[in-house]
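When we follow my numbering, the leftmost residue of the sequence shown carries the number 5, and every step to the right adds one.
All C-beta atoms in this analysis are idealised placements derived from N, C-alpha and C, irrespective of residue type, glycine included.
Keep in mind it's a predicted model, so treat the numbers as computed, not measured.
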Amino acid sequence: MRLLLVEDELEIQGFLKRSLTEAGYEVEAASDGKTAERLAAESKFDLLVVDLGLPDMDGINLILHLRQTGVSAPVLILSARRSVDDRVRGLEQGGDDYLTKPFALAELLARLRNLLKRSSAAEVTKLRVLDLELDLLRREATRNGETLNLTPQEFTLLEYLCRNTGRVVTRSMILDKVWGMRIQPDTNVVDVHIYRLRGKVDAPGQPPMIKTLRGVGYVLRDR
C-alpha cells in the first residue's frame with residue numbers, strides 16, 4: 005500500500021516513515037503542502053496522513069485542494085488541535101479520521117487499517133467522465149451510450165487516463181503504470197496506443213476528450 009505522509013516536524017516525520025515502512029507501507033514524505041500537491045499529482049496513493057500545521061498552508065486547505073483535483077484516497081488527519089470544533093471541521097472538510105498529538109503508534113496503525121478496510125468496501129466499479137463511462141468489472145467502455153471496441157491494453161490505458169482526469173500524465177508515467185516499464189523508455193508504443201484510442205473515444209462529431217500537450221504528455225479533459 006502506498007502512503008503519502010505530510011508532516012513538517014522532521015523528527016516526527018522520520019519516526020513515522022520508519023515505523024510505517026516497517027509496517028509494510030511504501031511511504032513518500034512531504035514537509036509542506038506544495039510538495040504534497042506535487043507528489044499527489046505525480047502518483048496514486050492508497051492512504052494519506054496529513055498534519056494540519058504546515059509551514060506554507062493549513063492542512064485543511066491542502067486536503068480540500070487534493071479532493072478538488074480528484075484525490076479520493078482516505079485521509080487521516082494528525083494534529084495538536086484538540087478541540088471538538090477543530091476535529092469536526094477536519095472531518096467535514098475532507099478528512100476521514102482525526103488523531104490528536106501526542107498519539108500511540110499502535111492506535112495510528114489500527115486507524116490506518118480501518119480506513120483501508122472502509123476504502124476497499126467502497127471500491128469504485130465504474131468511472132464516468134462527461135459522457136464517457138468505464139465498467140471496471142465488465143472491462144467495457146461506452147461513450148454517449150455507444151460501446152467502444154477496445155483492446156485490453158487500450159482499456160487499461162483509458163482507465164489510467166480516467167483515474168487522472170484533468171491531470172497531465174507523461175509518457176514515462178504511462179509506461180510505468182500501464183506497461184510496468186517492461187519496454188524500452190524510448191519506444192513510441194504510448195503514442196501509437198494514444199492515437200488508436202483517440203480514434204475510438206473521439207469519434208467524428210463528438211467533442212475530443214484526449215488532448216496532447218506537445219513535449220509534456222496527455223490529459224483527459226473533464227469539461
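If residue i and residue j are in contact, beta carbons under 8 Å, what's the gap, nearest whole angstrom?
i      : j      : result
Leu80  : Leu119 : 6 Å
Val229 : Lys215 : Residue 229 cannot be examined here, being either before or after the span of the chain that is shown, 5 to 227.
Thr104 : Arg86  : 5 Å
Met5   : Asp50  : 4 Å
Leu20  : Leu9   : 6 Å
For residue i, is the classification buried or exposed, using 16 other Cβ atoms within 10 angstroms of its Cβ as the cut-off for buried?
i      : result
Ala207 : exposed
Val133 : buried
Phe107 : exposed
Asp89  : exposed
Ala44  : buried
Ser83  : buried
Gly63  : buried
Gly18  : exposed
Leu109 : exposed
Asn148 : exposed
Glu11  : buried
Thr129 : exposed
Identify the residues that DSSP records as bridge partners of residue i: which are they?
i      : result
Ile214 : Leu224
Lys105 : None; Lys105 has no bridge partner.
Arg143 : None, per the DSSP bridge assignment.
Thr151 : Thr146
Val173 : Tyr222
Ala33  : Leu9
Val193 : Per DSSP, none; premise fails for Val193.
Going residue by residue through the stretch 58-94, where are the continuous alpha helix (DSSP H) segments of at least 4 residues, counting only ones entirely within it? 63-72
Under 8 Å, with one C-beta from each stretch per pair, do the stretch 34-41 and the stretch 91-105 reach the 3-pair mark? no
Validate contact between the stretch 137-154 and the stretch 19-31 using beta carbons, cut 8 Å, 3 pairs: no
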